[in-house]
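Chains as they are written, first to last, in this note's numbering: chain C, 11 to 80; chain Y, 34 to 518.
Given below as structure tokens:
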């Protein structure tokens, strides 16, 4: 895997040949900006449905091992 | 003609004339799947009960005179498109047991249109790959030669349509994942303009590149399926508010007044002569149909597209895939020393090699100290590649290229060399970078294997692509040939 990664990264070097002075970056190919919607209460999934795929749940919450050491 | 070889339009006619019912058609397709899928392996999951239930509903709609063009027609859906109550695995161990609590927008649309879903199709894990060999479950085989790959990542969808295991299918395309397998399997495939089809409920890979589209037997079917799934959806903030035209209006059988360019950089070194010949022959047909062919078009920065893509797509993927932490859904490792250990091992065991490779590439390209050299540089070159296309479309209505530089390769042939595998998308990934639409149509055969022709247009020009593809199919019969299964 390490050798393959180096090979892939070598292939990225070609970009250094391109003059990008004063070229703005493109994050998205379309010029949609500030897409907003009204902040309204709408129907959503129930807690039961949301937790249906949880590997471990308790008291309507996702359960994980303790985050903080004692 | 047997029922599994029908187009959507032909099946619709038969259903409308009551010569066949949707339940009968669905049964015939399920039998076909039983007969050939052991060899093709297009499906991760077949859903016969659901399909027959939906078919019975469709028959009621047909009887009530409430049938649209897709009502009662059996389809396949790529397994990264959420289907409520039906596992959606992305062909990954990570999501093997994931049952979505909601439907993707496109599946909602298909259901509203009265479609019948036969099952979920195999893919490269999280859509990362070009051969469907990266599926965590099994490889799909090309119906034209069972020893060869169907392409990827929507290889299951392409193989299903090609092998008569569905009348059409949905796929997703981030760098060629609809068009390359469609070309390899001799079917039609559309990557719509970025933003045309809602990504709501599509499991995210690279959000600025991903687009859902149809794989079909002919161009008319492609327009029908695109009509059904396209259009605005407020649940995807990148969904375009522009109204969708009826794309069947653009199916005109001549190309007079059209100027079609052939970008010289796409007949690249390493392209097979049989592929180049088939596409050149196809271009000659476009000329006979009245198009003016411009052989002097250049997209000078094409050679940088591969590097741009393999920086941007893994960067976005590394952010998107951070959600798989074994807490909310999906595979969870629980024998670790603490929560962090559980998370790390969840990823270690849940993801396959290619997914890990791309997450590492992405996090590296985004990391402090490398961000400017890799990610920001790639985004700037992305702008330059987009401008190349704008320049080309200022003199041409459309461009044509080969869909892939080679015919389908053998299973296992490229799995040890990621760069060689990445090169199979060299003709398709610049299109996602620019966000423009691309259509592949069967263009002929080389060594008995399918060759695709890719038609490109400016943003929103799906109608132009359909017109060119449709006219071409009126004077050719490559798309009517079926694999010897």
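All C-beta atoms, glycine included, are put in the ideal place defined by N, C-alpha and C.
Identify which residue in the options has its Cα closest to the Cα of residue i.
i	options	result
residue 84(C)	299(Y), 289(Y), 193(Y), 414(Y)	Any property of residue 84(C) remains undetermined from this structure, which presents chain C solely from 11 to 80.
residue 340(Y)	407(Y), 368(Y), 357(Y)	407(Y)
residue 572(Y)	77(Y), 84(Y), 100(Y)	Because chain Y in this structure spans residues 34 to 518, residue 572(Y) falls outside the shown range and cannot be described.
residue 230(Y)	141(Y), 85(Y), 104(Y)	141(Y)
residue 244(Y)	464(Y), 508(Y), 509(Y)	464(Y)
residue 74(C)	358(Y), 150(Y), 83(Y)	358(Y)
residue 334(Y)	16(C), 25(C), 41(C)	25(C)
residue 84(Y)	49(Y), 168(Y), 199(Y)	199(Y)
residue 152(Y)	176(Y), 119(Y), 133(Y)	119(Y)
residue 310(Y)	37(Y), 62(Y), 440(Y)	440(Y)
residue 134(Y)	70(C), 22(C), 29(C), 55(C)	55(C)
With DSSP collapsed to three states, give me the class of residue i.
i	result
residue 368(Y)	coil
residue 81(Y)	helix
residue 38(Y)	helix
residue 476(Y)	strand
residue 149(Y)	strand
residue 291(Y)	coil
residue 175(Y)	strand
residue 205(Y)	strand
residue 454(Y)	helix
residue 307(Y)	helix
residue 224(Y)	strand
residue 330(Y)	strand
Do residue j and residue i come within 9 Å of each other at the CB atom, strictly closer than that value?
i	j	result
residue 409(Y)	residue 343(Y)	no
residue 506(Y)	residue 436(Y)	no
residue 485(Y)	residue 497(Y)	no
residue 491(Y)	residue 426(Y)	yes
residue 299(Y)	residue 417(Y)	no
residue 214(Y)	residue 248(Y)	yes
residue 159(Y)	residue 77(Y)	no
residue 143(Y)	residue 103(Y)	yes
residue 332(Y)	residue 422(Y)	yes
residue 346(Y)	residue 380(Y)	no
residue 138(Y)	residue 262(Y)	yes
residue 222(Y)	residue 216(Y)	yes
residue 60(C)	residue 271(Y)	no
residue 324(Y)	residue 289(Y)	yes
residue 150(Y)	residue 364(Y)	no
residue 239(Y)	residue 350(Y)	yes
residue 111(Y)	residue 187(Y)	yes
Using only the alpha-carbon positions, how far apart do residue i and residue j sit?
i	j	result
residue 164(Y)	residue 202(Y)	17 Å
residue 56(Y)	residue 80(Y)	14 Å
residue 252(Y)	residue 503(Y)	5 Å
residue 206(Y)	residue 184(Y)	12 Å
residue 266(Y)	residue 113(Y)	19 Å
residue 59(Y)	residue 166(Y)	29 Å
residue 462(Y)	residue 285(Y)	28 Å
residue 313(Y)	residue 424(Y)	23 Å
residue 513(Y)	residue 280(Y)	22 Å
residue 500(Y)	residue 237(Y)	31 Å
residue 302(Y)	residue 246(Y)	30 Å
residue 397(Y)	residue 13(C)	15 Å
residue 52(Y)	residue 42(Y)	14 Å
residue 304(Y)	residue 438(Y)	5 Å
residue 82(Y)	residue 117(Y)	15 Å
residue 15(Y)	residue 218(Y)	Because residue 15(Y) is not part of the residues shown, which for chain Y are 34 to 518, the question remains open.
residue 18(C)	residue 226(Y)	29 Å
residue 41(C)	residue 89(Y)	44 Å
residue 297(Y)	residue 328(Y)	7 Å
residue 428(Y)	residue 291(Y)	11 Å
residue 451(Y)	residue 16(C)	11 Å
residue 162(Y)	residue 367(Y)	29 Å
residue 306(Y)	residue 434(Y)	14 Å
residue 582(Y)	residue 508(Y)	Past the edges of chain Y, shown from 34 to 518, lies residue 582(Y), and the structure says nothing about it.
residue 147(Y)	residue 105(Y)	6 Å
residue 444(Y)	residue 175(Y)	9 Å
residue 64(C)	residue 374(Y)	18 Å
residue 121(Y)	residue 32(C)	44 Å
To the nearest whole angstrom, what separates the beta carbons of residue i and residue j, a pair I think is in contact under 8 Å?
i	j	result
residue 442(Y)	residue 182(Y)	6 Å
residue 75(Y)	residue 258(Y)	Not really, about 18 Å apart at Cβ, beyond 8 Å.
residue 431(Y)	residue 326(Y)	That belief does not hold up - the Cβ atoms of residue 431(Y) and residue 326(Y) are roughly 11 Å apart, past 8 Å.
residue 369(Y)	residue 378(Y)	5 Å
residue 361(Y)	residue 72(C)	6 Å
residue 157(Y)	residue 124(Y)	7 Å
residue 154(Y)	residue 109(Y)	5 Å
residue 194(Y)	residue 250(Y)	7 Å
residue 468(Y)	residue 39(C)	2 Å
residue 479(Y)	residue 308(Y)	6 Å
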